[in-house]
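Notes follow the structure.
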Amino acid sequence: MRRLAVFASGNGTNFENIVTACERGELDAEVVLMVCDKPGARVVERAAAHGVATFVFTPKQYASKADYEREIVARLDAAGAELVCLAGYMRIVGEELLGAYGGRIINIHPSLLPAFRGAHAIEQALEYGVKVFGVTIHYVDAELDGGHIIAQRAFPYEGNDIEELERMIHATEYPLYIETIGKLIDFS
Ligand code: GAR
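Okay, structure coming up:
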């Protein structure tokens with residue numbers, strides 16, 4: 003059984019989807035740690051409901067990004083994490099974390115990268131008028147939403163309803179993240 007860590011900053015539906023896939027045996031893995039940079043985030047409740055250990059921190063309480071990332075690395079090491087899955091973790095990963103876990107950190111992003119990087123990808127794609135949307139899973143490097151692409155899935159959408167589009171994005175993300183994690187842990 004592989005040991006996963008999941009990082010999230012907000013609602014945490016992708017986190018919960020990964021945990022549920024592990025619980026159901028759809029992934030031969032266990033989520034050993036959930037890392038969150040927003041103490042009030044809904045994902046913290048979701049982790050508690052599933053009995054997943056957490057490291058929840060407030061970045062401003064640390065002198066620097068390197069300081070809080072050193073703490074994260076210590077927690078990952080202690081939990082024996084083998085693969086780190088970012089799932090709505092809205093921070094750029096820095097040198098400490100990449101130095102320790104580089105090549106073992108993946109991210110899911112709600113656009114067809116390299117188009118529409120950053121925190122508002124869905125809104126930007128809609129404003130741009132794109133007709134084919136999608137999601138990307140990629141290795142994380144020092145560049146925002148950069149790194150080698152592992153998987154992508156696209157779908158057509160010609161409407162203008164952001165909530166409907168967000169639902170479609172999420173419905174695309176959930177199975178793709180599970181399939182991709184499954185392939186990565188099978189090969190490693
Ligand atoms: C997901 O759609 C994910 O792709 C996105 O945040 C959402 C989190 O939803 N990530 C990014 O935008 C990263 N740049 P969730 O908290 O319900 O899983």
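So for the sequence shown, my numbering puts the first residue at 3; every next one is plus one. Quick reminder that beta carbons are idealized off the backbone N, C-alpha and C, glycines included.
Through-space distance from residue j to residue i, alpha-carbon basis
i: P61; j: R77; result: 15 Å
i: I152; j: H140; result: 5 Å
i: A81; j: G53; result: 14 Å
i: R155; j: I183; result: 15 Å
i: G43; j: A50; result: A small fix is needed here, since residue 43 is Ala in this sequence, not Gly. Cα-Cα distance, rounded: 12 Å.
i: G120; j: F189; result: 30 Å
i: E98; j: A83; result: 16 Å
i: N19; j: S66; result: 32 Å
i: T15; j: I171; result: 12 Å
i: E47; j: D39; result: 14 Å
i: R26; j: A173; result: 19 Å
i: L29; j: I187; result: 9 Å
i: A102; j: F59; result: 19 Å
i: D163; j: L85; result: 35 Å
i: A11; j: F17; result: Residue identity check: residue 11 is Ser in the sequence provided, not Ala. Using only the alpha carbons, I get a separation of about 10 Å.
i: R2; j: A68; result: Summary: the structure shown does not reach residue 2, with the chain confined to residues 3 through 190, and so no result is reported for it.
i: G105; j: E165; result: 34 Å
Own chain, CB closer than 8 Å to residue i, minus 5 neighbours either side, in chain order
i: E32; result: M3, R4, R5, L6 and C24
i: L100; result: I107, V142, D143 and A144
i: V132; result: A117
i: L167; result: I124, L128, F135, Y159 and G161
i: T64; result: The sequence shown places Tyr at residue 64, not Thr. Excluding positions up to five away in sequence, the list reads Y70 and E73.
i: N13; result: A43, R44, V45 and G90
i: F157; result: V134, F135, G136, M170 and T174
Contacting residues, own chain, Cβ-Cβ under 6 Å from residue i (five flanking each side not counted)
i: F9; result: V37, L88 and Y91
Contacts around residue i, its chain only, beta-carbon distance under 7 Å, and the 5 residues preceding and following it disregarded
i: F57; result: L35, V37, I74 and R77
i: L115; result: T138, H140, D147 and I151
i: H122; result: none
i: V21; result: V33, H52 and V54
i: K185; result: none
i: P41; result: V58 and T60
i: G149; result: H140, Y141, V142 and D143
inquiry  = Does the structure place the stretch 94-107 close enough to the stretch 141-156 that three or more beta carbon pairs sit under 8 Å?
reply    = yes
request  = With a cut-off of 7 Å, give the chain-ordered residues whose Cβ is closer than this to any heavy atom of the ligand GAR.
outcome  = A10, G12, N13, G14, T15, N16, F17, V45, A89, G90, M92, N109, I110, H111, P112, G120, A121, A123, V137, D147, I171, H172 and E175
query = Contact between the stretch 122-135 and the stretch 72-89: three or more CB pairs below 8 Å?
reply = no
ask   = Counting Cβ pairs, one atom from each stretch, are 3 or more of them under 8 Å apart for the stretch 104-123 and the stretch 173-183?
value = yes
ask   = Of all the alpha helix (DSSP H) runs that stay within the bounds of the stretch 39-97, which reach a length of 4 or more residues?
value = 44-51 and 67-81
ask   = Which runs of the alpha helix (DSSP H) fall wholly inside the stretch 6-45 and span at least 4 residues, in chain order?
value = 15-25
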